[in-house]
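2 protein chains.
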Amino acid sequence: MNVAIVTVGDELLAGRTTNTNATWLCERLDDRGVSVERVTTVPDRIDDIACVVDEYHTAYDAVVVTGGLGPTHDDVTMEAVATALDRDLEENEEALIWLEESGYSRGDLTDGTAALPTGSRPLHNENGVAPGAAVENIYVLPGVPSEMKAMFESIESEFTGIQTVRETVVADEPESALLDRITDVRERFDVAVGSYPGGSVRLVLEGTDAETVEEAAAWLRERVDVAE
Amino acid sequence: MNVAIVTVGDELLAGRTTNTNATWLCERLDDRGVSVERVTTVPDRIDDIACVVDEYHTAYDAVVVTGGLGPTHDDVTMEAVATALDRDLEENEEALIWLEESGYSRGDLTDGTAALPTGSRPLHNENGVAPGAAVENIYVLPGVPSEMKAMFESIESEFTGIQTVRETVVADEPESALLDRITDVRERFDVAVGSYPGGSVRLVLEGTDAETVEEAAAWLRERVDVAE
Chain G
1 MNVAIVTVGD ELLAGRTTNT NATWLCERLD DRGVSVERVT TVPDRIDDIA CVVDEYHTAY
61 DAVVVTGGLG PTHDDVTMEA VATALDRDLE ENEEALIWLE ESGYSRGDLT DGTAALPTGS
121 RPLHNENGVA PGAAVENIYV LPGVPSEMKA MFESIESEFT GIQTVRETVV ADEPESALLD
181 RITDVRERFD VAVGSYPGGS VRLVLEGTDA ETVEEAAAWL RERVDVAE
Chain R
229 MNVAIVTVGD ELLAGRTTNT NATWLCERLD DRGVSVERVT TVPDRIDDIA CVVDEYHTAY
289 DAVVVTGGLG PTHDDVTMEA VATALDRDLE ENEEALIWLE ESGYSRGDLT DGTAALPTGS
349 RPLHNENGVA PGAAVENIYV LPGVPSEMKA MFESIESEFT GIQTVRETVV ADEPESALLD
409 RITDVRERFD VAVGSYPGGS VRLVLEGTDA ETVEEAAAWL RERVDVAE
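What follows is the structure in structure tokens.
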């Protein structure tokens, strides 16, 4: 299963907020064996969000969109997702009932609070007001981290992939000096190797068979200057 | 001037690394009045990188690409940028001379260290080996933060835009209760307003005229329950 993540928000693009929502989602999806193929941040503009969601929902098995839910003028994500899918926005009765049961009275809710693309399955917000939505292969979550995380956990089981195993070998040698052993380990074992320099070099071995990955890491540790 | 940022790396998509390079670049570009329109993370795969760079370099005034430079098999960014622009990769003589002057002997450098898309202007790496490149409207920088930052600073003056001013008002009211005053301040003053909930609500007022933004913030502070 492959997935794209779309994070919505001018504050991310202005560098006022670090995109830790993306890190968290990537880690969770990776833990489930799902391959995240894109993480894209877009501004709080309907056309921009709709354009990217439209592209990704046909290109990937699923799209997770986060941010831009709520009652203010800059919360345009639901409208954008509806636009991308050529659907209308309409008050979702199931979401309204859930909000009432959670103690919000309909009269007090801002108009449009529960407006989701037609045909959506509402996703309940345990830590806030604005509901999320699942529609076609698109999951729309809030941007506030506590709300996003709780909502993702309620749908997490819908994401499944092939579990991989990783081992990291940290080498105290320049990356260029390690090339021969990187080539060797890739040839000898059925593992993918990522090389991440910066001070020491982290060599990340990844594969679907735990034993193979372990053997490859052991082989490599005997042949590089392992950092303490 | 509008810009897209492309960050390259499987480690970002697996959630093993938080994309602080993107935050740093966004903040720097925003400080210069440049509008960042997209931040997209792509895997260490030539086709994926090339496809996104190709799209963005025609859609935006400039593209900043970071990550995936270096000697290992997973460093494919230069090849991908060359592919996107339908150019070859070739050893850049100016980059090699700079490396020699910095104390690296040609014989010791890994083959391809200074291979850049044909016609590139090399960007020198003050904190590492792999040179960057400026080609057409694309700037290719390393992914190691210290290397990326120093290299960006050497080209920063090529990014210019319209300076904006921001004031933040933090309100101790639910976002939905603030809607009337958000509408009012947008109507009365020539400012854009961003609303960021999560505990208190941060209302960010932004405009090109410092006095207007200050007046708008003062007007708003008198009318909301300002958080201590």
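Protein chains in written order, with this note's numbering: chain G, 1 to 228; chain R, 229 to 456. Where a beta carbon is used, it is the ideal one built from N, C-alpha and C, also for glycine. Owing to the predicted nature of the structure, the values given are computational and were not obtained by experimental measurement.
Contact defined as beta carbons within less than 8 Å: I believe V36 (chain G) pairs with V8 (chain G). What is the distance between those atoms, to the nearest angstrom?
The Cβ separation is near 17 Å, so there is no contact.
So, is the C-beta of D75 (chain G) closer than 9 Å to a C-beta in chain R?
It does; some Cβ of chain R falls within 9 Å.
Does chain R have any CB closer than 9 Å to the CB of T113 (chain G)?
So, interface residue.
Would you kindly work out how many angstroms separate the C-alpha atoms of G143 (chain G) and D400 (chain R), rounded to a whole number?
The straight-line gap from Cα to Cα measures roughly 19 Å.
Are the beta-carbon atoms belonging to V393 (chain R) and L448 (chain R) less than 9 Å from one another?
Cβ atoms of V393 (chain R) and L448 (chain R): not closer than 9 Å.
Where I233 (chain R) falls: helix, strand or coil (DSSP)
Residue state, collapsed to three classes: strand.
Taking the alpha helix (DSSP H) that R38 (chain G) falls in, what are its first and last residues?
Secondary structure note for R38 (chain G): it is in no alpha helix (DSSP H), and the uninterrupted beta strand (DSSP E) holding it is S35 to V42.
Do R273 (chain R) and A232 (chain R) have their C-beta atoms within less than 9 Å of each other?
Annotated as distal: R273 (chain R) and A232 (chain R), with beta-carbon spacing of 9 Å or more.
Roughly how many angstroms separate the alpha carbons of G261 (chain R) and A310 (chain R), rounded to a whole number?
Straight through space, the alpha carbons of A310 (chain R) and G261 (chain R) are spaced by roughly 29 Å.
So, P71 (chain G) versus S404 (chain R), is the Cβ gap smaller than 9 Å?
In this structure, S404 (chain R) lies closer than 9 Å to P71 (chain G) by Cβ.
Taking a cut of 9 Å between CB atoms, which residues from the segment 14-33 of chain G lie near chain R?
Answer in chain order: A14, G15, R16, T17, T18, N19, T20, A22, T23, W24, L25, C26, E27, R28, L29, D30 and D31.
From L241 (chain R) to T268 (chain R), what does the alpha carbon distance come to, in whole angstroms?
As the crow flies, the alpha-carbon of L241 (chain R) is around 11 Å from that of T268 (chain R).
Using 9 Å as the threshold, is the C-beta distance between T294 (chain R) and N19 (chain G) below it?
Cβ atoms of T294 (chain R) and N19 (chain G): not closer than 9 Å.
Do S154 (chain G) and H124 (chain G) have their C-beta atoms within less than 9 Å of each other?
Contact flag set, yes.
Does the beta-carbon of T411 (chain R) have 16 or more other beta-carbons within 10 angstroms, so that it is buried, or is it exposed?
Looking at its Cβ environment, which holds fewer than 16 other Cβ atoms inside 10 Å, T411 (chain R) is exposed.
Counting only runs that start and end within the segment 307-385 of chain R, where is the beta strand (DSSP E) found for 3 or more residues in a row?
For the segment 307-385 of chain R, whole beta strand (DSSP E) runs of length 3 or above, ordered along the chain, are 317-319, 343-345, 349-351, 360-363 and 366-369.
Rounded to whole angstroms, how far is the Cβ of D77 (chain G) from the Cβ of I49 (chain G), which I believe are closer than 8 Å?
What sits at residue 77 (chain G) in the sequence shown is Thr, not Asp. 6 Å between Cβ atoms; contact.
Could you tell me if D453 (chain R) is buried or exposed, where buried requires 16 or more neighbouring beta carbons within 10 angstroms of its beta carbon?
Counting Cβ neighbours within 10 Å, D453 (chain R) comes out exposed, since fewer than 16 surround it.
What residue from G:E211, G:V204, G:E214 and G:A210 has the CA that sits closest to E239 (chain R)'s CA?
Ranking G:E211, G:V204, G:E214 and G:A210 by Cα distance to E239 (chain R) puts G:V204 first.
Using a C-beta to C-beta distance shorter than 9 Å, which residues of chain G count as neighbours of T436 (chain R)?
Ordered by position in chain G, no residue passes the 9 Å Cβ test against T436 (chain R), which lies about 15 Å from the chain.
I'd like to know whether the C-beta atoms of L253 (chain R) and V281 (chain R) end up nearer to each other than 9 Å.
No, these two residues do not count as a Cβ contact at 9 Å.
So with Cβ pairs under 9 Å, would you call T300 (chain R) a contact of chain G?
Yes, T300 (chain R) counts as interfacial toward chain G.
Using a 10 Å radius around the Cβ and a threshold of 16 neighbouring Cβ atoms, would you call P402 (chain R) buried or exposed?
The residue is exposed, with fewer than 16 neighbouring Cβ atoms inside 10 Å.
E11 (chain G) versus chain R: which residues are under 7 Å apart at the beta carbon?
Contact annotation for E11 (chain G) against chain R: G422 and Y424 [CB-CB distance below 7 Å, chain order].
Where does A227 (chain G) land, buried or exposed, given buried means 16+ other C-beta within 10 angstroms?
The residue in question, A227 (chain G), is exposed, as its Cβ has fewer than 16 Cβ neighbours within 10 Å.
Quick one: list the residues of chain G neighbouring T269 (chain R), beta-carbon separation under 8 Å, in chain order.
Those within 8 Å of T269 (chain R) in chain G are A22, R38, V39 and T40.
Does V398 (chain R) come out as helix, strand or coil in the three-state DSSP assignment?
It is a strand residue.
Close Cβ partners of E91 (chain G) (< 6 Å) along its chain, the five nearest in sequence each way excluded:
Apart from sequence neighbours up to five positions away, the residues of its chain that approach E91 (chain G) with a beta-carbon distance below 6 Å are A114 and A115, ordered along the chain.
From what residue to what residue does the alpha helix (DSSP H) around T183 (chain G) run?
Note, T183 (chain G): alpha helix (DSSP H), L179 to R188.
Just to confirm my understanding: we take L61 (chain G), look at its own chain, exclude 5 residues before and 5 after, and list those with CB closer than 8 Å. What are they?
Reading off the sequence, residue 61 (chain G) comes out as Asp, not Leu. Hits under 8 Å: M1, N2, V3 and N137.
Determine the direct distance from the alpha carbon of R334 (chain R) to that of E328 (chain R), and round the result to whole angstroms.
Cα to Cα, E328 (chain R) sits roughly 7 Å from R334 (chain R).
DSSP beta-bridge partners of T294 (chain R)
Beta-bridge partners of T294 (chain R) (DSSP): R:T235 and R:L369.
Flag this pair as yes or no: are the beta carbons of L369 (chain R) and L317 (chain R) separated by less than 9 Å?
For the 9 Å CB-CB criterion, L369 (chain R) and L317 (chain R) do not form a contact.
Answer yes or no: does any C-beta atom of chain R fall closer than 9 Å to that of S176 (chain G)?
Yes, because at least one Cβ of chain R sits closer than 9 Å to the Cβ of S176 (chain G).
Please name the residue, chosen from G:R87, G:M148, G:W98 and G:P131, that lies closest to G112 (chain G) on a Cα-to-Cα basis.
Distance from the Cα of G112 (chain G) is smallest, within the candidate group G:R87, G:M148, G:W98 and G:P131, for G:P131.
Comparing the C-beta of P359 (chain R) with each C-beta of chain G, is any distance below 9 Å?
No, P359 (chain R) does not count as interfacial toward chain G.
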